[in-house]
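Engineer: Sharing a structure below in structure tokens format, with a few things to ask.
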Amino acid sequence: MRKFLFLVVLAMAATFEVNAQQYKVITSVESIVPNGLGRSRIINALEEKDYKEYTTVRSEEDNSRNKSDRGDIRVKNFEETKLLNFYNLGGIRFQNIAANDALITNMINSMIAEGWTLEHVISAVESEGGKGDGKGIFITRYIFKK
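In terms of the numbering used here, the sequence shown opens at residue 3 and continues consecutively.
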């Protein structure tokens, strides 16, 4: 009986697939350009890139460049979900922020339903900062793990 039980447990263990952890980054870019002139999107790359193909090790003796073209880095297959801009002609639009929150929440819930967990959220603001401060984006990176 013990041998049979051992063989059953061994057979079950052999059927489980051992997977390494995966990470996925999804980025939201929300325009903070006045008068609604900017563009806001959620971006999700649908293809993978090997960072090693675009990495160069440099030393004093060898100042060679990576042979790959920077254009090769571009991802051509990605999802682009429209978001609303923070501003329009009347100023800041709180309805737009609420609509964006609803879309981003739905995206996060969809990822969780697909087996991902939200591991980290990183946000930043980029603004011209000069006279008039007429350009800027609010960027958030959502890092998921499976």
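We put the beta carbon where it would ideally sit given N, CA and C, even for glycine.
1) Leaving out five residues before and five after I145 in sequence, what residues of the same chain have Cβ atoms less than 8 Å from its Cβ?
2) If the criterion is Cβ atoms closer than 8 Å, does the pair T142 and S42 meet it?
3) Less than 8 Å separating the beta-carbons of V59 and G138?
4) Check whether the Cβ atoms of F80 and A47 lie closer than 8 Å to each other.
5) For L85, count the other beta carbons within 10 Å of its own beta carbon; 16 or more makes it buried, fewer makes it exposed. Which is it?
6) Would you kindly check if the distance between the Cβ of I114 and the Cβ of E82 is under 8 Å?
7) Below 8 Å between beta carbons: does that hold for G117 and N87?
8) Measure from the alpha carbon of K51 to the alpha carbon of each residue in S129, I75, I106, then state which is nearest.
9) Provide the residue(s) that pair with N90 in DSSP beta bridges, ordered along the chain.
10) Looking only at its own chain, which residues have a Cβ that is under 6 Å from the Cβ of L91, when we skip the five neighbours before and after it?
11) Apart from the five residues on each side of it in sequence, which residues of its chain come closer than 8 Å, Cβ to Cβ, to L105?
Structural biologist: On the basis of the data shown:
1) Here the set comprises Y25, K26, V27, L120, E121, H122, V123, I124.
2) Taking 8 Å as the Cβ cut-off, T142 and S42 do not qualify as a contacting pair.
3) Going by C-beta atoms, V59 is not nearer than 8 Å to G138.
4) Cβ atoms of F80 and A47: closer than 8 Å.
5) Looking at its Cβ environment, which holds 16 or more other Cβ atoms inside 10 Å, L85 is buried.
6) The Cβ atoms of E82 and I114 lie no closer than 8 Å to each other.
7) No, Cβ-Cβ distance for G117 and N87 is not below 8 Å.
8) Answer by Cα proximity: I75.
9) DSSP output for N90 lists G93 as bridge partner(s).
10) Apart from sequence neighbours up to five positions away, the residues of its chain that approach L91 with a beta-carbon distance below 6 Å are N37, ordered along the chain.
11) Correct list, in chain order: I44, T83, L85.
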